[in-house]
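> For the record, the sequence lines run as chains A and B.
Residues 0 to 392 in numbering that gives the first Met the number 0 are what the first sequence spells out, letter by letter.
Residues 0 to 259 in numbering that gives the first Met the number 0 are what the second sequence spells out, letter by letter.
Yeah, the Cβ is synthetic: ideal placement off N, Cα and C, and Gly gets one too.
Note that this is a predicted model, so its numbers are computed, not measured.
First the structure, which I've put down as structure tokens, then a few questions once you've had a look.
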Amino acid sequence: MRAAVFCACLMLVPAQLVAGFSGNIALESLNFSESAQFEDQLDDNLTLSFQPKWDGEWNDGADLWSAEFFVRVDDKDSGREHADIRELLWLHIDGDNEWRVGINTMFWGVTESQHLVDVVNQIDGVEGIDGEDKLGQPMIHLKRYQDWGVLDFLILPGFRERTFQAQEGRLRGPLVVDIGQPEYESSDGQRHVDYALRFSQTYADLDIGLSWFEGTNRDPLFLPGSDNDGNAVLIPFYEQMTQLGVDAQLIYEDWIWRLELIRRKTRSNDRDAFTFGFEYTFYGIFDSDMNLGTIAEFSHDNRPEGQAGVFNRDLFVGGRFAFNDAQSSEILAGLVIDTDNQGRSFRVEGGRRFGESWKGTLELQIFSDIDSNDVLAALQNDDHLLLEMAYYF
Amino acid sequence: MPDLKPVALMLLLLPVVGFAQTTQQKGLEIAQAAKAFDKGFTDFTANMVMTLKNKSGKTSKRLIRMRTLEVEGDGDKSLSIFDEPADVKGTAMLTYTHGLKPDDQWLYLPALKKVKRISSRNKSGPFMGSTYAFEDLGSQEVEKYSYNYLRDEPCGDWTCSVIERFPAYKHSGYTRQVVWIDNEGYRIVKAEYYDRKKSLLKTLNATDFNRYLGQYWRPGKMDMVNHQTGKSTLLEWTDYAFKTGLTDRDFRSQTLMRIR
């Protein structure tokens, strides 16, 4: 009898409610060419990550749900071993309104070398130094389509702390950031509710976005402190901020021009920063199907050297080879030059598909001529090669 | 007395020039008739299996879902959603095609959760590593080409008009195409593509046609062979559905974020 009731209940669940399952499982090997600058740092590592995603819909597609998780298993590096809910979302579509309630990850902005206006999600700092791996953010989000543009209203309850390398991790400063004792300017701490608003519109070949954010700054300041064992550590201190952001992209023939501009007010400083540049693409080079995109972007930040992060007055030049072959082979090479002290950081990323379900990627990062006052000085021994083989399902 | 013979000759020729149809006009008229025949489909959805085959016979497969919306007075809007290979699953491409003006194009990258506006300049580039160029798969607006009618000849069970078309839009990879289009249902059954050096580059053969809503013909199979590389790509179309109720709302760049 109980089984019959159970079966009947199952039949009431629309078949398409659970429709999609996808994701990847990836093995990553990391090798550093030089011995570590700081105590306990590892020289090589092998880790496994797993990123499954489920989704479905009901009400003829007017309601959708999705769940995406990320897990990294790491024996050697406790900082990189972590799990996160990237997405756990209910989406309701009502004509020109889209409601999203739950945890989500989103992307704002257009530039390639740095992401200034993209401030809704916290960065998953142990997953990469480009800021493109992000932690899921709890939100209530209304997207409203108007003839004159798209409006996004976001209420963001609950703050996500940035992830940082632990004692044994490379690509960190001399002092470890103690994620166990974060401090906040707001007395609400992690429970502070943030707000964000965005307007975006396409005018022929020009795309414009205007965004405003009020709440906890995702980029912490670091205060000197000590951990439970009395070791000197850095304490992340999250201030309140108000940020106005502008992003624009113009496509004309073989050119794409991109701009991101922010004004960020916090108690400790007023930050003005921009990234501006272009991508020019050569199509069908060497009489082949291959395209070469050349990218140049200049970044400026009014904060002094050492405080301003990597991009204070820096030039990024890069090239993107798209082979347009059956394996979707691609190589991206980029060089960041600090125009104040000539420090350089060079990076090559390559990837291709193997068979129908495997994808291999390679990342080579080299730091050279880094000034001892530059924030990158702590990374000058951290040249590395990363190889990843991922199985997609 | 002035010699009036040339004038008389011109007068004689005038009606001929004025009324006889040139081969260019006939070609254009067939293209217009084909477009008019297909008009009013409103929207359609279909699934596509794309099988790439290289010179040595090795194959790789892509699964793509297509949604197309007819746009009055402009090119169609189309959405391609990638299901396979698995590493690009969830990737979606939105195109607003235009006549001679460059198309508008957006790509959704699920790994970054980013909608990226991309340049549509890459018309002659391969689509997903296949033997189809982007320009082969876009909506075929009349003004995209100038035409020249060559002849009528049998093509399987039907009789086809053989027409040359010359791309009028910028950045095409072709100097000309020769198209076999049947006189009854305006089905493109074969096409030859000539590269910038004017040599034969590719041949398309379309078969297994079905008629939908008693009007619109669509091929079940399209095979594109590249004669210069020895590669070929077979498209197999299934699950065609017309007038499914798609609207402009389903073809906005930011709705790419919720495509599944």
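Run through DSSP, which three-state label would T254/B get?
helix
> State the Cα-Cα distance for the pair V335/A and D313/A, rounded to the nearest angstrom.
7 Å
> Taking 8 Å as the cut-off, decide whether the C-beta atoms of F281/A and N268/A are in contact.
no
> Beta-carbon separation of R270/A and D246/A under 8 Å?
no
> Can F151/A and R197/A be called in contact, C-beta distance under 8 Å?
Contrary to the premise, residue 151/A reads as Asp rather than Phe in this sequence. At the C-beta level, D151/A and R197/A come within 8 Å of one another.
> So which residues on chain B does K75/A lean against when the C-beta distance must stay under 9 Å?
Per Cβ cutoff of 9 Å: no residues; K75/A is ~26 Å from chain B at best.
> Under 8 Å Cβ-Cβ, which residues of chain A neighbour P218/B?
Going along chain A, no residue has its Cβ under 8 Å from P218/B, so there is no contact; the nearest lies around 23 Å.
> Taking L63/A as the query, report the chain B residues whose CB atoms sit under 9 Å from its CB, ordered along the chain.
R257, R259
> Flag this pair as yes or no: are the beta carbons of D43/A and S34/A separated by less than 8 Å?
The Cβ-Cβ distance between D43/A and S34/A does not fall below 8 Å.
> Closer than 9 Å by beta-carbon distance: list the chain B residues that pair up with A25/A, in chain order.
Here the premise fails: no neighbours, minimum Cβ distance about 11 Å.
> DSSP has M289/A in a bridge; who is on the other side?
None; M289/A has no bridge partner.
> For the putative contact between D382/A and F49/A, defined by C-beta atoms under 8 Å, what is the C-beta separation to the nearest angstrom?
D382/A to F49/A, Cβ: 28 Å. No contact.
> How would you call T293/A, buried or exposed, if buried means at least 16 neighbouring beta carbons within 10 angstroms?
exposed
> Residues of the region 336-360 of chain A in Cβ contact with chain B at a cutoff of 7 Å, in chain order, please.
R352, E355, S356, K358
> What span of residues does the alpha helix (DSSP H) with F133/B cover, start to end?
Counting along the chain, the alpha helix (DSSP H) containing F133/B begins and ends at 133-136.
> How many angstroms separate the CA atom of N53/B from the CA atom of Q164/A?
Rounded to the nearest angstrom, the two C-alpha atoms are 45 Å apart.
> From R71/A to H97/B, what distance separates their C-alpha atoms?
46 Å
> If Q200/A and G148/A are in contact, beta carbons under 8 Å, what's the gap, nearest whole angstrom?
4 Å
> What residues from chain B crowd round V149/A, counting only those whose CB sits closer than 7 Å?
Q253
> Put D54/A into one of helix, strand or coil per three-state DSSP.
In the displayed model, D54/A falls within a strand according to three-state DSSP.
> Tell whether a beta-carbon distance below 8 Å holds between D288/A and P125/B.
yes
> Could you tell me which residues DSSP pairs with W216/B in its beta bridges?
R210/B
> With DSSP as the reference, please indicate the residues paired to E28/B in a beta bridge.
DSSP lists no partner for E28/B.
> Using only CA atoms, which one of D337/A, L363/A, S356/A lies nearest to V347/A?
Considering only alpha carbons, the answer is L363/A.
> With distances taken Cα to Cα, identify the nearest neighbour of K52/A among D102/B, A110/B, L99/B.
A110/B
> Quick one, which residues of the region 99-124 of chain B are near chain A if we go by CB-CB under 7 Å, in chain order?
L111, K112, K113, R116, S118, R120, N121, S123, G124
> Along chain A, in chain order, which residues have C-beta atoms closer than 8 Å to that of L27/B?
What L27/B touches in chain A: nothing, since even the nearest Cβ is about 28 Å away.
> Residues of chain A with CB closer than 9 Å to the CB of K60/B, please, in chain order.
Residues of chain A passing the Cβ test: E355.
> Does DSSP put A415/A in a helix, a strand or coil?
Lying before the first or after the last residue shown, residue 415/A is absent from chain A, which here runs from 0 to 392.
> What in chain B is Cβ-close to S21/A, meaning under 8 Å?
A85, K88, G89
> Determine the chain B residues that contact I250/A at a beta-carbon separation under 7 Å, and present them in chain order.
R116, S118
> Among D95/A, G157/A, G22/A, G127/A, which has the Cα closest to the Cα of I102/A?
G157/A
> Counting Cβ pairs closer than 8 Å, one from the region 69-82 of chain B and one from the region 132-151 of chain B, do we hit at least three?
yes
> Of all the CB atoms in chain B, is at least one closer than 8 Å to the CB of M138/A?
no
> Leaving out the 5 sequence neighbours to the left and right, which residues in its chain are closer than 6 Å to D370/A when beta-carbon positions are compared?
N340, G342
> Would you tell me roughly how many angstroms separate the C-alpha atoms of G56/B and V48/B, rounded to the nearest one?
17 Å
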